[in-house]
Every structure is written in C-alpha cells, then in structure tokens.
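What follows is a set of notes on a single structure, which appears directly below.
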Amino acid sequence: MLLKEPEAVYRIVKAVRDAVPAHLPVSAKIRLGYDDKALYLENAQAVYQAGANELAVHARTKREGYRPPAHWDYVDAIRRALPIPVTANGEIWDRQDALTCAQVSGCDSLMVGRGAISLPNLANVMKTGCAHMSWAEALRLMVSYTEQDLAGEKADYYPSRIKQWFSYLKREYPQADLLFTDIRILKSAEEIRSRLLQESDSHP
Ligand SMILES: Cc1cc2nc3c(=O)[nH]c(=O)nc-3n(C[C@H](O)[C@H](O)[C@H](O)COP(=O)(O)O)c2cc1C
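And the structure:
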C-alpha cells in the first residue's frame with residue numbers, strides 16, 4: 003500500500019537511515035507499484051533521496067502478484083535514474099533468465115526468491131554455469147535442513163515449512179512431486195524426517 007505514497011516511502015527510509023549508524027548501509031526493496039506502475043520512479047527516487055545506499059526492485063506491481071513476466075526494463079529505467087546500486091529481482095529461475103535479466107535491466111546484481119528454493123544451487127548456476135544440483139544432493143540438503151530446523155526454536159513450524167519447500171522443489175525435480183504425495187499426509191515432524199531419511203538413503 004505504501005507504494006501509493008512516495009512521501010511515506012521517503013519518511014520510512016529516512017527514519018531508518020537516521021536510526022542506523024552511518025557506517026552501516028541501509029538498503030530498501032520495492033515493487034513497481036500497487037495497482038499500476040505510475041509511481042515507480044517516484045518511489046525509487048524517494049528511497050534514494052531518503053538516503054538509502056542500495057535498492058532492490060521486484061519488477062512487478064502488487065496487483066501483478068507473481069504472474070510472469072517480471073518487467074526488468076523498468077528496473078533499467080530506475081538504475082539509470084539513481085546513482086546508487088540497484089538490484090533486479092523477479093522471475094529468475096535459471097541461468098538463461100539471469101543472463102536475460104542482467105541484459106535487460108543493465109544490473110550486475112540480481113536477487114532470487116522462489117528460484118532459490120526450487121533449485122538450491124541457483125546462485126552458483128547463475129554465476130558459473132555449473133550443473134543443476136542433483137536430486138540426491140537436494141535430498142541431502144533437505145535432511146540437513148530438517149536436522150537444523152528440528153534442533154532450533156521454531157521446530158513446531160517444520161512440517162509446514164518443509165511442505166512449502168516441496169511445493170517449490172517440484173518445479174525443478176519431478177521426483178519431489180512423487181515424494182510429496184507421501185509426505186503431504188504426514189502430520190508429525192518425526193514421520194516426515196524418517197521418510198526423508200529413507201529416501202535420501204536410497205539415493206546415495
Ligand atoms: C517464501 C518466500 C518468502 C519471502 N519473504 C520475503 C520477505 O521477507 N521480504 C521481501 O521483501 N520479500 C520476500 N519475498 C519476495 C521475494 O524476495 C521476491 O521479491 C519475490 O519472490 C519475487 O522474486 P522471484 O520471482 O525470484 O520469486 C518472499 C518470497 C518467498 C517465495
């Protein structure tokens with residue numbers, strides 16, 4: 003909603019900048035607007051004028067939700083208008099998307115959201131062109147995540163978190179879809195953990 007009021011964006015970023023010690027950077031992240039993109043440059047300017055050191059832009063409006071495409075060309079216009087580093091975000095799922103996004107936005111800094119939980123080594127894939135993480139490695143990562151999450155303070159959230167992760171992994175790994183049909187109906191963390199361990203052991 004704040005994207006409808008660049009003045010408010012300015013006041014918020016300014017308050018944060020004033021509160022944070024000068025030697026620490028302040029970054030902000032915005033979408034291109036709420037209903038439409040009319041104020042995208044005003045909002046970006048407000049962030050800069052308020053003293054932010056960096057800006058990341060999810061290249062869609064709130065109304066556009068997560069529907070493709072992301073409008074990376076708008077990030078280019080923002081990058082050209084502001085003297086601070088601008089990071090492009092939205093709809094990067096693989097190396098080709100990253101290359102296209104970098105080219106269209108002119109940004110050398112890219113941010114990934116859902117792509118990073120669909121393909122856990124996406125950042126390296128983007129940077130180096132290395133192979134996509136295998137399903138066996140992804141399983142080991144899920145097991146390691148499971149152990150860490152269950153040892154932490156938010157263990158109660160584990161079943162819903164791991165299920166949410168599966169919903170993204172399915173995009174990259176057809177095997178995740180199959181395993182999820184088993185896991186979806188499990189309620190307790192321990193049941194999910196055992197099923198994951200069993201699956202991981204069968205993919206050495
Ligand atoms: C599980 C999840 C959690 C997110 N949490 C935040 C958040 O705390 N703050 C934020 O600015 N954006 C958050 N986002 C949005 C992402 O940073 C990103 O802007 C958005 O997903 C678009 O990028 P993508 O197309 O690469 O997913 C989240 C996205 C996902 C999928």
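The sequence shown begins at 3 in our numbering and counts up by one. No residue lacks a Cβ here, since even glycine has one placed at the ideal position from N, Cα and C. Bear in mind that the values here come from a model prediction, so they are computed numbers and not experimental data.
Length of the line joining the Cα atoms of residue i and residue j
i: K189; j: P161; result: 7 Å
i: P70; j: E93; result: 7 Å
i: Y2; j: S196; result: Only positions 3 to 206 of the chain appear in this structure, which leaves residue 2 out of reach.
i: K64; j: D38; result: 8 Å
i: V106; j: D75; result: 6 Å
i: I86; j: Y42; result: 16 Å
i: V15; j: E66; result: 24 Å
i: G108; j: P27; result: 22 Å
i: A61; j: P23; result: 30 Å
i: Y175; j: G53; result: 42 Å
i: E155; j: A140; result: 24 Å
i: W95; j: E193; result: 31 Å
i: Y186; j: P206; result: Per the sequence shown, the amino acid found at residue 186 is Arg instead of Tyr. Those two C-alpha atoms are separated by around 24 Å.
i: I164; j: A157; result: 11 Å
Beta-carbon proximity check, residue i vs residue j, cutoff 7 Å
i: L124; j: A133; result: no
i: V145; j: S204; result: no
i: L5; j: G35; result: yes
i: R97; j: M128; result: yes
i: L101; j: Y50; result: no
i: V11; j: N55; result: no
i: P8; j: A48; result: yes
i: T148; j: L112; result: no
Terminal residues of the alpha helix (DSSP H) in which residue i lies
i: N126; result: L124 to T130
i: L141; result: W137 to A153
i: C103; result: R97 to S107
i: K189; result: That residue, K189, is in no alpha helix (DSSP H); it is neither H nor E in DSSP.
i: E174; result: Y160 to E174
i: G117; result: R116 to S120
Neighbourhood of residue i by C-beta, 8 Å cutoff - its chain only, sequence neighbours within 5 removed
i: M135; result: L121, P122, N123 and L143
Cβ shell of residue i (< 7 Å), same chain only, five flanking positions each side left out
i: R173; result: S120
i: R19; result: V28, A52, G53 and A54
i: R116; result: Y170
i: A104; result: D110 and L112
i: D184; result: R197
Own chain residues within Cβ distance below 6 Å of residue i, not counting five before or after
i: N1; result: This structure cannot settle anything about residue 1, because the visible part of the chain is limited to 3 through 206.
i: A72; result: A61, R62, G92 and E93
i: L168; result: Per the sequence presented here, residue 168 reads as Phe, with Leu not at that position. Excluding residues within five positions, the ones whose Cβ falls inside 6 Å are A178 and F182.
i: V212; result: Residue 212 is absent from the model: the chain starts at 3 and stops at 206.
i: A90; result: W74, V77, C103, S107, C109 and L112
* **Uninterrupted alpha helix (DSSP H) stretches inside the region 3-90 (no shorter than 4 residues)** => Entirely contained in the region 3-90, the alpha helix (DSSP H) runs reaching 4 residues are, in chain order, 8-21, 42-51 and 74-83.
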